[in-house]
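Heads up: the first sequence begins at 1 in full-length UniProt numbering, then just goes up one per residue.
From the three backbone atoms N, C-alpha and C, an ideal C-beta is built for every residue, glycine too.
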Amino acid sequence: MPEQKQSVDELKNQSPQAEKNPCVSILLPLPFKDTYDYLVPASLPLIPGMIVTVEFGQRHLNGVVWSVGKTPDVPVSKLKYISGIVEGFSLSPENLEFLKWVSSYTMSPLGTILKMMMSVPEVFTPLKRPAPQRIFPAPDPSFNPPLLEPQQIEAVAFLKSQFSRGYSVTLLDGVTGSGKTEVYLEALKECFLKKQQILILLPQISLAPQIAQRFERRFGVSPTLWHSSLTKAQRRESWKQIHSGQAQAIIGARSSLFLPYANLGMIVVDEEHDPAYKQEEGVIYQARDLAVARAYLEKISCLLASATPSLETLYNCESEKYQRIQLKSRYGVAEIPAIQIIDLRQLSARKEKKYWISAPLATHLKETIAAGEQALIYLNRRGYAPLTLCGSCGTKLQCPYCSAWLVNHLKHGKFICHHCGHNVSVSKTCQECGAEESWVCCGPGVERIAEELAERFPSFRTTIISSDIIEDADAMAQIAEKIHNHDIDIIIGTQMIAKGHHFPNLTLVGIIDADLGLSGGDLRASEKTYQALHQVAGRAGREEKTGHVYLQTYAPEHPVLMSLLSGDRETFIAQEMESRERGDMPPFTRLASLIFSSRHREAVELTAQTFARNAPRSQDILVLGPSPAPLAVVRGKYRWRMLVQTPRTISIQSVIHQWMKQVKIPTNVKVKIDIDPYSFL
DNA sequence: AGCACGCCGACT
DNA sequence: GTCGGCGTGCTC
């Protein structure tokens, strides 16, 4: 870098009058919506996308050339010269377009999105001593072509035909075991023949090893993985090779959308319906939707794969924005095993000892284990009990920083807040009244189910699979191995277990609380519950062994459970679609959520109310709220929220943009905008 | 985001 | 008397 700086210094001295030297605007990877202007020696040709080093305040930063030859909007006396050019790096026009698109869609500052793209700032500073270069060999299209079935061949042919169209989106709708992965891997071959890059997006990175393995079997090389727990060196190397186009196959979670691809040829969004694609922290976005946008800007194909496509995607298929191809199950067996309902209302009428695992489910469990098979008990709730209170004074244990209960975790011996991570050791005495050993635990979590199993069936070997117990991919692999070796009879799992892993000897799935998730502030509650339960149910049996699924519920007549029972997805979708249309909800309208937060209670409330009073007056635009957010306090910050709804025909972003220009927001109140909100909490 | 500046409380 | 809290404002 010193020599680069020197060269700029020399060049600018050759043309001493600053006015003669052009001005460029530089976008910095900081949360600003505007660029900053710098001078550049006339003889240094800069073009947008180039990476330059500049002095910014006291700091030295790398930024990207945004535009050249403009008239500065501050007095020339304030302008500094750029310090140098970072050779060998540049963001392509497609990457810059994507950056702009994401910024305006999510209403986040350009610089914030740039920071996401320049997620490995170290790549721009040369290493002190050269690291051994990892090799990124090209995938071999003819390494190990699979034998495909007629319907797969047809699907591949369709996908190939899409490549000539430039931008296109196709939904690959196929049940588990119908060979979706083989189909899309085969379609990717076309990209490798053209030396293009491909991106496979996954909702969570724990699914990557399996896909990577299948990829390697097919193309003879391992793909480049991108996720948050890579080491510095790995990130550095992968980022560089993705930027240079050397790395051709990338498998990653949400954040891999923001990598600086050199020539992307196709994007696959696997499990497109998965709610994990929605990023809720920082810049709020739906990775599936951004993938479609990126495909549009790159003029390439996007493939969405799912066994239970989202309503949004189905809506786009119906309105012919997306193509749709379907794969039927290869084995001719039902898509998910027979599902039976256990009506807890009837059972609780009888005054038996209260267990979380009902008598019928317990019986089936015993039979399954006796038959030498394995079972899964599903409860999407971490810890021992979601709520603990003092039996003596009635105090409920609450997080001091959030309006949420503290969850008892036996594993850690702590009460933990699931929203901010705050935790306290489990003590014997109640802080409020001094009573000893007076805790009353309300409701079950996976740990409590494990305890009940140990008590009632001490001979069964059980394991919990939740994020508290399984902390990384290695731990998961170890547990999976134990299950495969039949060292485990019963798995007690949260949603972590719903995806990816298939255990051939697992024939029974018991769902402790099928109603969990059906209530609460989420417009997609029904859809999400349907998808989650469908996915969990799919863990039971497959191929030769028939599976059984038992759903414990207090609401057996709920449409979600009825359609799961009948296996009639079409009817469920139709009903759900109709109810969304009737309620003027997405995908029939657009929705945005505005979240006001501040440490000052009165300031948030006042700001939110002032904001609401200045709402655009149009009969098309509906504003709900403001009201204290369902989780009114998180991490010690007060939160109010507001919902905005507009017709699909207008840009909800511009409505909000205009609106915000009219209202002054005090600096101590932050506004977060969630376009297409999923969770209302 | 970082960093400086600035204005009020408890300490060597 | 100063050290340091974090509120406010600025960076081409």
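By the Cβ neighbour-count rule, P137 is exposed, with fewer than 16 other Cβ atoms within 10 Å of its own.
Taking all protein chains in view, the Cβ of D73 is surrounded by fewer than 16 other Cβ atoms within 10 Å, so the residue is classified as exposed.
Separation of L397 and S425 (C-alpha to C-alpha, rounded to the nearest whole angstrom) is 12 Å. Nearest to V655 by C-alpha distance, out of T607, P666, R590, P628, is R590.
Contact between V440 and L389 holds: their C-beta atoms lie close to 5 Å from each other, under 8 Å.
Out of L347, G282, H364, the CA that lies nearest to the CA of G547 is found in H364.
Here the alpha carbons of H534 and I511 stand approximately 11 Å from one another.
Across the structure, L230 and L147 are spaced so that their CA atoms are roughly 35 Å apart.
Exposure of V76 is indicated by the presence of fewer than 16 other C-beta atoms within 10 angstroms of its C-beta.
Excluding the 5 residues flanking it on each side, G391 has same chain C-beta neighbours closer than 8 Å at A435, S438, W439, V440, in chain order. Around the beta carbon of G88, fewer than 16 other beta carbons lie within 10 angstroms, which makes this residue exposed. The Cβ atoms of Q196 and L91 lie no closer than 9 Å to each other.
When R635, I251, H227 are compared, the shortest CA-CA separation from L188 is found for I251.
Contact between the segment 550-566 and the segment 265-284 is absent: fewer than three C-beta pairs spanning the two stretches fall below 8 Å.
As computed with DSSP, F415 is found in a beta bridge with N408, V424.
Contact annotation: S238 and T224 have beta-carbon atoms nearer than 9 Å. DSSP places V64 inside the beta strand (DSSP E), whose first and last residues are 59-68. Annotation: the continuous beta strand (DSSP E) that includes H548 extends over 548-553. DSSP places S164 in the coil class of the three-state scheme, outside both helix and strand. Residue E455 holds the alpha-carbon nearest to the alpha-carbon of Y355 among E455, C317, P628, H418. Around the beta carbon of C430, 16 or more other beta carbons sit within 10 angstroms, so the residue counts as buried. Counting only residues of its own chain and dropping the five nearest sequence neighbours on each side, K664 has no CB closer than 6 Å to any other CB.
Per DSSP, the unbroken alpha helix (DSSP H) holding S244 starts and ends at 232-244. V269 is bridged by DSSP to L201, L304.
Under the 8 Å Cβ criterion, the segment 114-126 does not count as touching the segment 35-42, having fewer than three qualifying pairs.
With respect to the C-alpha of P628, the residue from Y638, I621, L622 having the closest C-alpha is Y638. Proximity to F98 across Q323, G49, G421, L564 peaks at G49, based on C-alpha coordinates. With respect to the 9 Å criterion, H273 and A253 are not classified as neighbours on the basis of their beta carbons. Boundaries of the beta strand (DSSP E) around R590: 589-598. By the C-beta criterion, the segment 170-180 is judged to be in contact with the segment 298-312, since at least 3 inter-stretch pairs fall below 8 Å.
In the assembly as shown, H60 is an exposed residue. Its beta-carbon has fewer than 16 other beta-carbons within 10 Å. For the 9 Å CB-CB criterion, G179 and Q204 do not form a contact. Taken in chain order, the unbroken stretches of alpha helix (DSSP H) that lie wholly in the segment 100-186 and span 4 residues or more are 110-117, 150-163.
The DSSP-derived three-state label of I479 is helix. Partner residues in the beta bridge of Q398, as assigned by DSSP, are W405.
Put simply, the backbone Cα of I464 is about 21 Å away from that of T529.
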